[in-house]
Structures are given as structure tokens and as C-alpha cells.
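I have placed the structure first, in the form of C-alpha cells, so that the comments after it can refer back to it.
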Amino acid sequence: MPIQQKAYALIGRPVGISLMDGTGVSGILCSVQDGSIYVIEYLYHTQFATKHYTFNQVRDIMPYPQCPQPVYTPQPLY
């Protein structure tokens, strides 16, 4: 699937993004506009930033996997 189609399908979801320079970022994919994706990323403490990356900077976009089902250990009754 072309990266642009993949991006549109993942709007509003947490994603990992691999960039052409070998680095990666993660966050929530907010929008796709004018040949760029806009991602809200966590910076520090209570700070978030919306950053944009052009499609020619992006190698791939992957949705975060679902969390595994938690394993519940029954607590003994006293």
C-alpha cells in the first residue's frame, strides 16, 4: 500500500514512523496535508509538540500493536 494511503488510514492512531535517515519517531498521527504528515509527539514532562514530516522523509508508518491481554493472578481470600 502506498505510504500516503497508509497515512490516511492511520489518522488518529498511535504510530511508529521510520524515517529515511534511519531514525524513527512515534506519536499520534493527527493529519495529512500538503504532502506532509502531522504527528503529536511527547517531549518532556507535560510537553507535547506537533511536528510534520514530508512524505519524502518517511520510509514507513506502522500502527502500534494492541496490548496483550493482561494475565490476572487471583489473590488469595483471607
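Note that our numbering gives residue 84 to position 74 of the sequence shown, counting from 1, and the numbers run on in steps of one. For each residue, glycine too, the CB sits at the ideal point set by N, CA and C. Being a predicted model, the structure only gives us computed values, none of them experimental.
- request: Reducing DSSP to helix, strand and coil, say where Ile21 ends up.
  value: Looking up residue 21 in the sequence shown gives position 11. Under the three-state reduction of DSSP output, Ile21 falls in the coil class, being neither helix nor strand.
Secondary structure of Asn76, DSSP reduced to three states: For this step, residue 76 is matched to residue 66 along the sequence shown. Going by the sequence as given, residue 76 is Gln instead of Asn. Here Gln76 carries a coil assignment [DSSP, helix/strand/coil].
Residues near Val31 by beta carbon distance below 7 Å, same chain, minus five either side: Residue 31 sits at position 21 when you count from the first residue of the sequence shown. The sequence given here has Asp at residue 31, not Val. Cβ within range, chain order: n/a, list empty.
task: Check each candidate in Gln14, Asp70, Ser36, Thr83 and name the one with the smallest Cα separation from Asp44.
output: Start at 1 with the first residue of the sequence shown, and residue 44 comes out as number 34. When C-alpha distances from Asp44 are compared across Gln14, Asp70, Ser36, Thr83, the shortest belongs to Gln14.
query: Does DSSP put Gln43 in a helix, a strand or coil?
result: The count along the sequence shown starts at 1 and reaches residue 43 at position 33. Correct three-state label for Gln43: strand.
- prompt: Going along the chain, which residues of its own chain have a beta-carbon closer than 8 Å to the beta-carbon of Ser46, five neighbours each way excluded?
  reply: Counted from its first residue, the sequence shown places residue 46 at position 36. The beta carbon of Ser46 sits closer than 8 Å to the beta carbons of His62, Tyr63, Thr64, Phe65 from its chain, once the five residues preceding and following it are set aside; these are given in chain order.
field: Selected residue, minimal CA-CA separation from Ala59, among Ile71, Pro84, Ile38
entry: If you number the sequence shown from 1, residue 59 lands on position 49. Closest by alpha carbon: Ile38.
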